[in-house]
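According to the working numbering, numbering within the sequence shown proceeds without interruption in unit steps and concludes at 685.
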Amino acid sequence: MMKSETFSSAAGMEYEKILLPSGLTIYYMFKPDNAKKAAMIATKFGSINYTFNMQDGRQVTVPNGTAHFLEHKLFEGKDGNAFDFYAVTGAKANAYTSNDKTAYYFVCSDRFEENLNILLSFVANPYLTAENVEKEKGIIAQEIKMYEDEPGWQGYFSMVQGLYQEHPIRRDIAGTVEDIYSLTPELLMDCYNAFYHPSNLVFAVVGDLSKEQILSVVERHFGGYNDYSIGKLPIDEPDAAGERYVEKEMLVSRPIFHLGFKDNNTEIQGYDLSKKEIETEILLEYLFGKSSPFFKELYENGKINNEFDCWYDLSDYFSFCVINGESDAPRDVEAAAWKHIDEIKKVGIDSERFLEIRNGLYGALVMDTEQSYGMVNRIIGNYLNGTEASYAIDALKDITADDILKRAECLFAKERSCLSVIHPIKEVK
């Protein structure tokens, strides 16, 4: 029996959540006036999902890079590549794999139902042969080598591996060349049957099709499945970071740094999770944003440049925030970061600046509701993390300066931090 629930926020965001008998969750947002329409389908299958049980009781373990490899293969069908079909309709389409999810999407101005059929047809019908899997290995091997030569990625991933000791987030999303050459069509099909079961999928659409049209298209591709749940991956991660400092040399003109802060409080869901996410975004902007005393001080002293950034990543499996950029003195940047963190812990949060940041974030969230791709991505990301997109705006109204101070006290601890630096290669004399 189909179940339905409507969610709305104070900012006018409204959408319907529908659970089909097959286990597939659908989010439907009717936006007939949007120039762009968008749809996304995602599975909770990423680089951290390396071992699982099949419906027949078999335990399967996969090499690094498997989720990413399967993402590539699902764009290929018996009758051609999905991108060739989208080229005819004029839609922009893509996909991505992260630590904990794989998502496929398109954005279009017209021919929405036709584009929707293309998306679901390819995701619902894997075409895996010995020949096309072998061919893909060479393509992805080139992509892996490109990542190996990318200083920004290497700096980020070294930081993650320093922050975490046992967590499968340490597993590379793309894997190594050796990893992907061990993949077979049979192993990929096991992954598909486990993680692309409707109960592990979520689909979101923002556009001008009626709910009946959407359900008709979805049922055509994802109907008649048996009850099955992959379950949550058990993770045991020590509280402290594995390493406080990591470094390597690469072909860069100036050192690149990533300073990460691990947050082990991942056992929360729903509104509380959304509130925590918004608190952290406000806190990072307050501490390190380009209007902050920290940024002004280091920028004027030449310690950082406009490449500087700060951001937050979370799921129901992990949570951490990062400041990164270019600097000839990354240790000085780290010391300045801790100085400003310690300062707000002592003197508190300036209420006027807090309100400016909170109001700015509110405006950004409201604008997001009018962006079709941004909305489907936000809805799906929140669902996979265990919360709802509508909760963010409601939480934003409730957050106080005192909440931000408490968040700083919980989040920032030196024993849970790691500085990663990519240095220029030293000249050999």
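Beta carbons: idealized from backbone N, C-alpha and C, even for Gly.
Cβ shell of residue i (< 6 Å), same chain only, five flanking positions each side left out
{"i": "Lys-467", "result": "Tyr-284"}
{"i": "Ala-347", "result": "Phe-362, Cys-364 and Asn-371"}
{"i": "Ile-524", "result": "none"}
{"i": "Met-269", "result": "Thr-625 and Ser-646"}
{"i": "Lys-393", "result": "Ile-436 and Tyr-437"}
{"i": "Met-415", "result": "His-514, Gly-516, Cys-674 and Ser-676"}
{"i": "Gln-417", "result": "Arg-426"}
Residue i, DSSP secondary structure in three states
{"i": "Leu-326", "result": "helix"}
{"i": "Gln-315", "result": "strand"}
{"i": "Asn-482", "result": "coil"}
{"i": "Tyr-306", "result": "coil"}
{"i": "Pro-277", "result": "coil"}
{"i": "Gly-498", "result": "coil"}
{"i": "Ser-377", "result": "helix"}
{"i": "Ala-343", "result": "helix"}
{"i": "Asn-355", "result": "coil"}
{"i": "Met-269", "result": "coil"}
{"i": "Asn-350", "result": "strand"}
{"i": "Lys-518", "result": "strand"}
{"i": "Ile-282", "result": "strand"}
{"i": "Lys-393", "result": "helix"}
{"i": "Glu-503", "result": "strand"}
Spatially closest choice to residue i from the options, by CA coordinates
{"i": "Met-257", "options": "Phe-263, Glu-270 and Leu-276", "result": "Leu-276"}
{"i": "Gly-487", "options": "His-514, His-453, Gly-526 and Thr-262", "result": "His-453"}
{"i": "Asp-289", "options": "Ile-660, Ser-628, Phe-325 and Cys-666", "result": "Ser-628"}
{"i": "Asp-495", "options": "Met-402, Leu-667, Glu-434 and Trp-409", "result": "Leu-667"}
{"i": "Lys-518", "options": "Val-462, Ala-460, Leu-375 and Leu-675", "result": "Leu-675"}
{"i": "Lys-601", "options": "Ile-491, Asn-557, Asp-659 and Leu-280", "result": "Asp-659"}
{"i": "Ser-264", "options": "Leu-554, Asp-598 and Phe-286", "result": "Phe-286"}
{"i": "Ile-635", "options": "Leu-515, Tyr-481, His-514 and Phe-459", "result": "Phe-459"}
{"i": "Gly-279", "options": "Asp-572, Asn-482 and Phe-301", "result": "Asn-482"}
{"i": "Lys-531", "options": "Ile-297, Lys-653, Gly-333 and Ala-343", "result": "Lys-653"}
{"i": "Leu-419", "options": "Trp-409, Glu-499, Phe-301 and Phe-513", "result": "Glu-499"}
{"i": "Ile-297", "options": "Phe-610, Thr-358 and Ser-354", "result": "Thr-358"}
Which residues DSSP lists as bridging residue i, in chain order
{"i": "Ala-386", "result": "Per DSSP, none; premise fails for Ala-386."}
{"i": "Ala-291", "result": "BP columns for Ala-291 are empty, so no partner."}
{"i": "Ile-512", "result": "Glu-582 and Ile-678"}
{"i": "Lys-259", "result": "Leu-275"}
{"i": "Gly-333", "result": "Gly-336"}
{"i": "Ser-365", "result": "Bridge partners of Ser-365: none, in fact."}
{"i": "Ala-298", "result": "Ala-359 and Val-458"}
Sequence-distant residues of the same chain with beta carbon closer than 8 Å to residue i, five excluded per side
{"i": "Phe-550", "result": "Leu-543, Phe-544, Ala-592, Ala-593 and His-596"}
{"i": "Leu-444", "result": "Thr-322, Phe-325, Leu-326, Lys-329, Pro-382, Leu-384 and Val-389"}
Same chain, Cβ closer than 7 Å to residue i, neighbours up to 5 away in sequence not counted
{"i": "Ala-585", "result": "Lys-559"}
{"i": "Gln-469", "result": "Glu-369"}
{"i": "Ala-386", "result": "Pro-441"}
{"i": "Ala-266", "result": "Ile-649, Asp-650 and Lys-653"}
Extract the residue ranges of the beta strand (DSSP E) inside the segment 546 to 594, only unbroken runs of 3 or more that lie entirely within it.
Counting only runs of 3 or more, we get 565 to 570 and 575 to 582.
Which ranges would you report for the alpha helix (DSSP H) in the segment 396 to 468 if only whole runs of at least 4 residues count?
Taking only runs of at least 4 residues, the alpha helix (DSSP H) segments lying wholly in the segment 396 to 468 are 407 to 419, 433 to 437 and 441 to 451.
Would you list, in sequence order, the uninterrupted beta strand (DSSP E) runs of no fewer than 3 residues that lie entirely inside the segment 637 to 673?
Annotation note: the segment 637 to 673 contains no uninterrupted beta strand (DSSP E) run of length 3 or greater.
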